[in-house]
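Read through the structure below, which is laid out as structure tokens, and then see the notes.
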Amino acid sequence: MAKTRTTIVKDPGDIKMFARSGIVHGSKTWTSTQVHSSGGGGYVGPQGGHVQAARVTSSNTTHDAFFLVGDDGKEIEIKLTDVSFGVRDGHHVTAVYSGHQRDDWQWLSHLHNHNTDKTAKISSAYRKIVGNPNVLIFFAATVVAVALGILAESWTLFLVIVAAYAGYTLLVESPKLKALAQEIDKRARDLIDESAAKARGGSDA
């Protein structure tokens with residue numbers, strides 16, 4: 792199976808979005824539990840010893856799945872993990888997919904239930920579509936700053952580089968990512984409204 796190509800959106804002109812609407816069938820919800828263990832160990836010798844019990848924690852994950860059946864009879868399978876989206880069989884739902892126009896694959900970014908008028912945004916899709924502030928650049932800048940600081944026997948340069956990157960992220964990169972996310976939200980809202988209008992037109996016919 793070929794690896795899914797994902798191109799990060801850098802400009803509003805790069806965005807490609809489309810919507811699929813239909814009626815929900817086969818909706819189901821379940822919870823899985825993950826158990827995590829950490830710590831523990833110790834030693835025991837002739838004079839005694841010490842044994843520390845492992846720390847065990849658990850976390851729950853909520854899963855939802857349903858089929859979206861369009862007017863043309865085509866079915867789309869929707870799977871969600873830890874996304875709050877109330878739905879049951881018979882509800883009219885619009886799924887919005889977003890991504891880069893050069894890619895063959897767009898990510899599920901929004902779900903709207905026309906019966907409850909509730910919209911869910913898929914936060915994990917946003918990270919794939921617009922990315923995050925570039926952490927790799929931060930670590931690279933930190934490594935360079937530490938090396939220069941050691942060579943120059945001064946940490947002033949280290950502080951300057953770290954502060955410059957933090958300022959760039961706060962003032963330039965983060966606002967740009969926020970603006971792209973807002974543009975995706977706006978276009979998703981337009982697509983959802985178009986789907987609602989078509990549904991009303993069909994019911995009036």
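Note that this note's numbering gives residue 960 to position 169 of the sequence shown, counting from 1, and the numbers run on in steps of one. Beta carbons are placed, not taken as given, at the ideal position from N, Cα and C, and that holds for glycine. Here the structure is a predicted model, which is why all the values come from computation and not from measurement.
- Between the stretch 884 to 899 and the stretch 959 to 967, do three or more beta carbon pairs fall short of 8 Å? Taking one beta carbon from each stretch, the stretch 884 to 899 and the stretch 959 to 967 have fewer than 3 pairs nearer than 8 Å; the two do not touch.
- Task: May I ask you to list the residues that DSSP assigns as paired with Thr907?
- Result: Your numbering for residue 907 matches position 116 in the sequence shown. Its beta-bridge partners do not exist; DSSP assigns none.
- Task: Starting from Ile920, trace the alpha helix (DSSP H) both ways and give me its first and last residue.
- Result: Start at 1 with the first residue of the sequence shown, and residue 920 comes out as number 129. According to the DSSP assignment, Ile920 belongs to the alpha helix (DSSP H) that extends over 914 to 920.
- Assigned secondary structure, Gly881 (DSSP; H/G/I helix, E/B strand, else coil): Numbered from its first residue, the sequence shown carries residue 881 at position 90. Reduced to three states, the DSSP call for Gly881 is coil.
- Item | Neighbourhood of Gly922 by C-beta, 6 Å cutoff - its chain only, sequence neighbours within 5 removed | Locating residue 922 in the sequence shown gives position 131, where the first residue counts as 1. The residues are Ile799.
- Query: In terms of alpha-carbon separation, which member of Ile983, Asp984, Lys969 lies closest to Asp802?
  - Reply: By 1-based counting over the sequence shown, the position of residue 802 is 11. That would be Lys969, whose Cα lies nearest to the Cα of Asp802.
- Message: Need the endpoints of the beta strand (DSSP E) that Thr798 sits in, please.
- Response: Against the sequence shown, residue 798 aligns to sequence position 7. Thr798 -> no beta strand (DSSP E), and no H or E assigned at all.
- Put Lys865 into one of helix, strand or coil per three-state DSSP. As a first step, residue 865 must be located in the sequence shown, where it is residue number 74. DSSP, read as helix, strand or coil, puts Lys865 in coil.
- Task: Decide if the stretch 902 to 918 is in contact with the stretch 867 to 884; the criterion is three or more beta carbon pairs, one per stretch, under 8 Å apart.
- Result: In this structure the stretch 902 to 918 touches the stretch 867 to 884; the number of beta carbon pairs closer than 8 Å is three or more.
- Can the beta-carbon of Trp898 be found less than 8 Å from the beta-carbon of Ile869? Taking the first residue of the sequence shown as position 1, residue 898 is located at position 107. Taking the first residue of the sequence shown as position 1, residue 869 is located at position 78. Cβ atoms of Trp898 and Ile869: not closer than 8 Å.
- Inter-residue spacing [alpha-carbon to alpha-carbon] between Ser914 and Asp855: Reading the sequence shown from its first residue, position 123 is the one you call residue 914. Reading the sequence shown from its first residue, position 64 is the one you call residue 855. One Cα belongs to Ser914, the other to Asp855, and the distance between them is close to 16 Å.
- Message: Could you compute how far the alpha carbon of Ala957 sits from the alpha carbon of Gly813?
- Response: Locating residue 957 in the sequence shown gives position 166, where the first residue counts as 1. Locating residue 813 in the sequence shown gives position 22, where the first residue counts as 1. Ala957 and Gly813: Cα-Cα distance of roughly 45 Å.
- So what's Val874 in DSSP terms, helix, strand or just coil? Start at 1 with the first residue of the sequence shown, and residue 874 comes out as number 83. For Val874, the secondary structure class from DSSP, reduced to helix, strand or coil, is coil.
- Message: Within a Cβ cutoff of 6 Å, which residues of the same chain sit near Val860, ignoring the five residues on either side of it in sequence?
- Response: Position 69 of the sequence shown, counted from the start, is the residue given in the question as residue 860. Closer than 6 Å at Cβ, skipping near neighbours: Gly813, Ile814, His816, Glu866.
- Query: Near Ser849, what residues of its chain come up, given a Cβ to Cβ distance below 6 Å and the 5 sequence neighbours on each side ignored?
  - Reply: Here residue 849 is taken as the residue at index 58 of the sequence shown, counted from 1. Residues Thr824, Val826 of the same chain have their beta carbon placed closer than 6 Å to that of Ser849, with the five preceding and five following residues left out of the count.
- Task: For Arg978, count neighbouring Cβ atoms within 10 angstroms of its own Cβ and tell me buried if that reaches 16, exposed if not.
- Result: Within the sequence shown, residue 978 is the residue found at index 187, counting from 1. Buried is the call here.
- Taking Ala916 as the reference, give the member of Arg846, Asp976, Val847 with the closest Cα. Indexing the sequence shown from 1 puts residue 916 at position 125. Comparing Cα-Cα distances from Ala916 to each of Arg846, Asp976, Val847, the minimum goes to Asp976.
- Please say whether Asp873 and Thr907 have beta carbons closer to each other than 8 Å? Counting from 1 along the sequence shown, the entry for residue 907 is found at position 116. Counting from 1 along the sequence shown, the entry for residue 873 is found at position 82. Not closer than 8 Å, so no.
- Message: Taking a contact to mean a Cβ-Cβ separation below 8 Å, would you say Asp895 touches Thr797 in this structure?
- Response: In the sequence shown, the residue the question calls residue 895 occupies position 104. In the sequence shown, the residue the question calls residue 797 occupies position 6. For the 8 Å CB-CB criterion, Asp895 and Thr797 do not form a contact.
- Task: Rounded to whole angstroms, what's the CA-CA distance from Ala972 to Gly804? Just pull it up for me.
- Result: Indexing the sequence shown from 1 puts residue 972 at position 181. Indexing the sequence shown from 1 puts residue 804 at position 13. Each residue's alpha carbon lies about 13 Å from the other.
- Task: Can you tell me the Cβ-Cβ gap for Leu759 and Met808, rounded? I've got them flagged as a contact below 8 Å.
- Result: Within the shown structure, residues of the chain are numbered from 792 to 996, placing residue 759 beyond reach of any answer.
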